[in-house]
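S.K.:
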Amino acid sequence: MTWRTVKQLAEAKAPEELFTGQCQNRPSVLDDYKPYLDDRWSEGFTNAWKLWEEIVPLGYKGSYQRVRAYLHKKRTSPRPVTARPPFAPDGLRMDPQPPGDPHRS
Numbered sequence: 073m074t075w076r077t078v079k080q081l082a083e084a085k086a087p088e089e090l091f092t093g094q095c096q097n098r099p100s101v102l103d104d105y106k107p108y109l110d111d112r113w114s115e116g117f118t119n120a121w122k123l124w125e126e127i128v129p130l131g132y133k134g135s136y137q138r139v140r141a142y143l144h145k146k147r148t149s150p151r152p153v154t155a156r157p158p159f160a161p162d163g164l165r166m167d168p169q170p171p172g173d174p175h176r177s
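Going from the sequence shown to this note's numbering is simple: count from 1 and add 72.
1. So is Trp124 buried or exposed if we call it buried at 16+ other beta carbons inside 10 Å?
2. What residue range does the alpha helix (DSSP H) around Asp104 cover?
3. How about Leu143 and Ala120: are their beta carbons less than 8 Å apart?
4. Can you grab the Cα-Cα spacing for the pair Lys79 / Lys133, in whole Å?
5. How big is the Cα-Cα spacing for Thr118 and Leu109?
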């Protein structure tokens with residue numbers, strides 16, 4: 073490391089001060105297509121190559137790798153936990169049986 077880097081790291085009062093580069097808050101070529109990708113993702117289409125092929129005719133000029141990276145973040149982010157509705161496996165009755173004969177069908 074150069075002395076300037078060491079000085080910058082030493083003088084930073086908060087970690088956020090270190091994140092000041094040209095890449096911060098810069099618009100992406102993918103920004104205009106993210107709503108479309110999010111909708112398709114919600115519909116169950118998760119193949120990055122197929123989704124890239126869908127947005128190229130819509131005017132997307134970026135790379136496949138950028139689409140793949142965006143979808144990878146969605147793939148690895150935690151999903152909300154939802155309760156599954158109860159179900160009856162095949163062969164089981166859902167209606168309660170009256171007390172008495174347990175072998176009654």
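Where is the CB? At the ideal position from N, CA and C, for every residue including glycine.
M.R.: The answer reads as follows:
1. buried
2. That residue, Asp104, is in no alpha helix (DSSP H); it is neither H nor E in DSSP.
3. Between Leu143 and Ala120, the CB-CB gap stays under 8 Å.
4. 40 Å
5. 9 Å
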